[in-house]
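Beneath this line is the structure, given in structure tokens, with notes to follow.
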Amino acid sequence: MNEMRYEAPETIEAAIALLVAQEHQPRVFAGGTDLIVQLKAEMIEPGMLVDIKKIKEPREIIISAEEISIGSAVSGAEIGENAELKALFPGVVESVQLIGSDQVQGRATIGGNFCNASPAADSVPALIAANAKAVIAGPDGVRKVDVADLLVKPGQTSLTTGEFIVSFVFPRPPKNTGEAYLRFIPRTEMDIAVVGAGVSVTLNPDGTCAAARLALGAVAPTARLVEPASDILVGNKLEEGVLADLAAAASAACQPIDDKRGTIEFRTKVAGVLACRATKIAWERAEKN
Amino acid sequence: MSKYLVTANINGDEVDFACHADQTLMEILRENLNMTGTKNGCGSGDCGACTVIMNGRPVNSCLVLGAELQGAEIETIEGMSKGNELHPLQQKFLDHAALQCGICTPGFLNMAKSLLEKNPDPTETEVRYALAGNLCRCTGYDKIVRAVLDAAEEMRTTSS
Amino acid sequence: MNEIKDLSKTNYKWVGKRTRRPDGPDKVTGRAQYGDDIVMPGMLCGKILRSPHAHAKILSIDTSKAEALKGVKAVVTHKDIPDHALLEPPYGPVIADFHDIARNVLAREKVLYDGHAVAAVAATSERIASAAIKLIEVEYEILPHVLDPFEAAQPDAPVLHDHQFTNGVTPAPDKPSNVFRVVSTERGDLEAGFADADIIVEREFNSKPVHQGYIEPQALIASASEDGAVELWTTTQGHFVIRGLCARLLNIDMSKIRVTASEIGGGFGGKNNLYAEPLAIRLSQKSGKPVRMVMSRSDVFRGTGPASGTYSRIRMGAKKDGTIVAAEAEIYNQAGAFKGSPVGRSLDSFFSSYAIVNAKATAYDVCVNRPKVAAYRAPGAPMATLGAELTINEIAEKLNIDPIDLRLKNAVQDGGESLCGVKYGRIGLTEVLEAVKNHPHYSAPLKANQGRGFALGYWMHGGGLSSVNANLLDDGTVAVATGNPDIGGSRSSMRVMAAEELGVELETVKPVVADTASMGYSHLTAGSRTTFATGLAVINSIREIIEKLCALAAKKWDIPVDDVTWEAGQAVTHRDGFDSLTLKQLAGMATKMGGPIAGHSEINAGGAGAAFSAQLVDVEVDPETGLSSVKRYTIIQDAGRAISPDYVEGQMQGGAVQGIGWALNEEYFYDDEGHLLNSGFLDYRMPVASDLPMIDTVIIEVPNPNHPYGVRGVGEPPLVPAPAAVANAVENAIGRKLGSLPLSPPKVLAAIETGTPRGD
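In the order they appear, the protein sequences are chains A, B and C.
FYI, the numbering for the first sequence is 1 to 289, going by our numbering.
FYI, the numbering for the second sequence is 290 to 449, going by our numbering.
FYI, the numbering for the third sequence is 450 to 1209, going by our numbering.
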């Protein structure tokens, strides 16, 4: 009988040393709200859980003039309680606060949600829209990667042996930037997103769009940036024609499946609807900033 | 077989237990410590029946590992009343008939207690969203929400 | 807002008051002992191996490796469960075929659903039991499967049972079928009725199976001793029924099995059946140790009975003035893997609120490769009511008649009868409908994208067998023991009725649920019968005690017993010179003057009263996503007499919310191989607190003349019209006809975009 071990290293180096030893089949353990569920369902059989919650860097939130860093093992609840983060990245904060219940948010971490790599993960579209990079520590040193580039397929990131995400870093948003995350679920809480839309817009002084990023989740094997959105919005105001084009582009970017949460047709349609609604909210926030 | 020896603070008392790496707090409370007030409705974080307060935050104890609890402060339903004196929330649940079969009640009480510690004057909507992670199949939630709002009012009046 | 409308105006001490429940403190402190909370020294952990296939022949089962694993103390397969002959016709309304029960608790020739139990082990730890399960080797030959009742009823469908030939059709069929039986009921002249109609509406409906959704999974401990005695603690709605089922299934004398009902964490009808009990008994017999078996949440969804999914067709004809002149219904009820869906109740529920002269209903009981269905709060009724009520609303709309007025016009009256001929005495239907019309919700304005729905439900609750023992203690307190597990607050109601009869303080009475060795037989806590039938037995028992108390007082005073009466907790006489004697005083004298005083009653309660529940619901639908949001809900229901109004309201609210889930989001998802994909609360979507508004209730009291306090069952009626009311609201919000539950957002959005408009 496989007897699993639990380790709680106190430094990044100690964590890497444990994660590199593949013979132990180690898995990173943070909030456990996906990991323990999978463990109990016998979907995974790790030989060792490497708890990163005792390491300083994954637990920090650092806000500086140019860059904001959120540790990978910071919980959704802690992120939501940080007023500065909320003001800077309302979309990212909204997204982690939608994961599960209050009880789940007390444990679920932004890094765990990301690395579980569910196509429907709430944090991911918001992170992509906010232009986040993952700071990854591993046996070969530290590297920074655009978050979207780390997603390979459902359940898989491109992290290599011994690597783990230490934090997510974001450039400080320019003035007149607003962001938002919306998702569609059939109840009001407790569901996995059927469609998720994360948006960031920056406005010019004349009220037209200077920059825009729209990312969709749950409508493809991985969450992804909707490239045409930028072209549709930049230089324009948010008028009906623009919104219609945006909805069409969002729907066109979908490669969804039929499953117990939604149909292809539904997801495709609602992706367009949410893209517009999230953009409107982000726009309003941008106007206020 | 390796086991982890942990000392945690449960309801104000230092408690020792030995556990396997894959045992959850819910299992340890119920099986190792015979504290069966924390209930197992699903084991996967979807029903909230196992809610306890850990280091000041409400969590699903089925998604917390025993091995990580060294030094943790845990409040379970068994610690909610003082002697035979019920906490205002417990009292209000009785007054408002906010329970029928009662299996979800300990989880709701812990979640509500945690809510009111952070937000002593919640609106009905705030109460409903805070309790969204606790499933009840008997009551339809109406009387539970009323009980929590009433307890909040009483607790505000007594503390002021 | 919660109101009570007492239409008989009587003054009671306790009945109808908001009183505290006796099991409350234990439940809010975590002290109450539910099935999984009980420990016995030396107990083993039992686990079940479940089928991974929807339909397959079992070619062989090899348990040798499991048996050899250190720590495994016993293993059982179907060889350890006696076989029983098939039930022969004629068939009663409820099917309890031990041939089927034996095969449901452990598969024999075939596995018939994903999750079907195949073998069980008992080991010294959960870890070892789980490992042992994996070592059992089963060879299967996979067969094609079928999940839908209409499909399963077709001649080319894969057949689950080669011995099953449809009952109730002529000529008798020569090919086996998944349709166990066809039942129908008819009155008047249907074709003449339709010929006379000015308009005819015909619609199709379907509903999916839904699970009762109790938060506590099934849990039990069985302990067998060397002399053949068995002790069983289990979460059940009927420990006497469980005793009987275990005894008959395993060929054990009933008196050898003692069953204690543990505190139950929700039942709703789903905990009336045998699941792991016989397996645990056998494992305990083989190992010589107590065996605990607790289902995981996934086991509960894969292995225990949901309510039937259905396909139905309704056709109704009416005159221009709103008189319904003909009504016809046909319903396919899925039974799951073994026969026995609630077809009788479906038949009885279609048109039973209305005095329709020409009516017919037909129901098909169909087997499919899913878990065997179990009762769920008014079994068979919500699905039938869905179709009937939506069709009636459409008729009202087409004739431009107010939907309440249409129902008042056709309402069945006192002394009428249901479609199946069940006689109503005095009923409160008109009072309920009038109360709806007069309720502020009925005329409140609606906002954009909102629709209001209405539906009416009927349920005839049960009576049946109940036994009660009541004992007067030396200090004047009274212990009342019943045989009914408390699933909704019945201990509270029993205490209220006993204290009312005695005229004493509530705390004087201690209600307990006794085990099967200590009491006479009581049937299930189900069918909304407990406050009625067990309440009646409580009242009888207390009245017997009162008789004896009066006799004691008469003896003490040396006067004829006819001169003594019981008033406000005391024995009194009109004769001069005698101070009254309190309960406490008499209790203190009893032993010295004759012996302990007790009362008991064993009844088969008749005289149940039909109950009607009417529901109004406002739903807002997001036109771009099809998301439905319940904004306002009002339930108006005739309770006869609300013994404990808080708990009557709780039943109403709980039932309605189950109906909301049924209507909007609850269903099972299967893959192409018949595997259940959503065996957890994440994707089996029950309503959460933030999904709902407050649920307003109005209790109407039109007392049932056959009960001393006028009680009518309240547990089941509130679910009956709820799915229909919610579906009607969504229809009205989007202006489209809807008939397929659940109304999940993709369905609603598709209806908005391409569905049939309401007016068509």
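C-beta: ideal position from N, C-alpha, C; glycine also.
Remember, predicted model here, so these are calculated numbers, not experimental data.
Per the DSSP secondary-structure output, C:Tyr1119 pairs in a beta bridge with C:Leu1125. Partner residues in a beta bridge of C:Leu698, as assigned by DSSP, do not exist.
Contact check for C:Ala1105 and C:Thr834: beta-carbon distance about 13 Å, past the 8 Å limit, so the pair fails to qualify. With a threshold of 16 other beta carbon atoms within 10 Å, C:Asn1053 falls short and is exposed. The C-beta distance from C:Tyr1117 to C:Pro658 rounds to 6 Å, short enough to meet the 8 Å contact threshold. Taking the CA atoms as reference points, C:Glu956 sits about 14 Å from C:Arg467.
By the Cβ criterion, the segment 882-897 of chain C is in contact with the segment 1072-1090 of chain C, since at least three pairs of Cβ atoms, one from each stretch, lie closer than 8 Å. For the segment 432-444 of chain B, the set of residues with a beta-carbon nearer than 9 Å to any beta-carbon of chain C comprises Lys432, Ile433, Val434 and Arg435, in chain order. The beta strand (DSSP E) runs of length 3 or more contained entirely in the segment 875-903 of chain C do not exist; there are none.
The Cβ atoms of A:Leu214 and A:Ala137 do not sit closer than 8 Å to each other.
Annotated three-state conformation of C:Val917 is strand, per DSSP. The shortest C-alpha to C-alpha distance from C:Lys858 to any of C:Lys788, C:Val774 and C:Leu921 is the one to C:Val774. No Cβ of chain C is located within less than 8 Å of the beta carbon of A:Thr33. A:Met48 has a beta carbon lying at 8 Å or more from every beta carbon in chain C.
Using beta-carbon distances, A:Glu57 does not count as an interface residue toward chain B, since no partner is under 8 Å. A residue is called buried once 16 or more other Cβ atoms fall within 10 Å of its Cβ, and C:Tyr825 is buried on that count. When only Cα atoms are considered, C:Thr615 and C:Pro820 end up about 20 Å apart.
Between the segment 606-624 of chain C and the segment 758-773 of chain C there are fewer than three inter-stretch CB-CB distances shorter than 8 Å, so the stretches are not counted as touching. In the DSSP assignment, C:Val659 falls outside any beta strand (DSSP E), carrying neither H nor E. With a threshold of 8 Å between beta carbons, C:Arg469 makes contact with chain B.
Within the same chain, Cβ atoms closer than 6 Å to the Cβ of C:Leu694 are found at Leu723, the five residues on either side in sequence being excluded.
Distance from the CA atom of C:Leu914 to the CA atom of C:Trp1015, rounded to whole angstroms, is 28 Å. Looking at the DSSP output, A:Ile61 sits in a beta bridge with A:Ile70. Annotated as distal: A:Val37 and A:Arg59, with beta-carbon spacing of 8 Å or more. Counting only runs of 4+ residues, the alpha helix (DSSP H) found wholly inside the segment 1124-1187 of chain C occupies 1171-1183, in chain order. Residues of chain B with a Cβ closer than 7 Å to the Cβ of A:Gly106 are, in chain order, Arg346, Pro347 and Val348.
Where C:His1049 is concerned, the enclosing beta strand (DSSP E) starts and stops at Ala1047 to Ala1054. Per DSSP, the beta bridge partners of C:Trp682 are C:Ile670 and C:Thr709. Secondary structure at C:Arg552: helix, using DSSP grouped into helix, strand and coil. A Cβ-Cβ distance of about 7 Å is found for the pair C:Asn933 and C:Val962, placing them in contact under the 8 Å criterion. In this structure, the straight-line span from the alpha carbon of C:Ser801 to that of C:Tyr562 is close to 35 Å. Spatial neighbours of C:Ala1003 in its own chain (CB-CB distance under 6 Å, excluding positions within 5 residues in sequence) are listed in chain order as Val1010 and Val1013. Look at the segment 1041-1074 of chain C: the residues with a C-beta under 7 Å from a C-beta of chain A are Glu1073 and Thr1074. Annotation for C:Val1160: Thr980, Phe981, Gly984, Gly1089, Arg1090, Ile1092 and Asn1153 place their beta carbon closer than 7 Å to its own, counting only its chain and skipping 5 residues before and after.
Within chain B, no C-beta atom comes less than 8 Å from the C-beta of C:Phe903; the nearest is roughly 19 Å away. In this structure, the beta-carbon distance from B:Asn349 to B:Ala361 does not fall below 8 Å.
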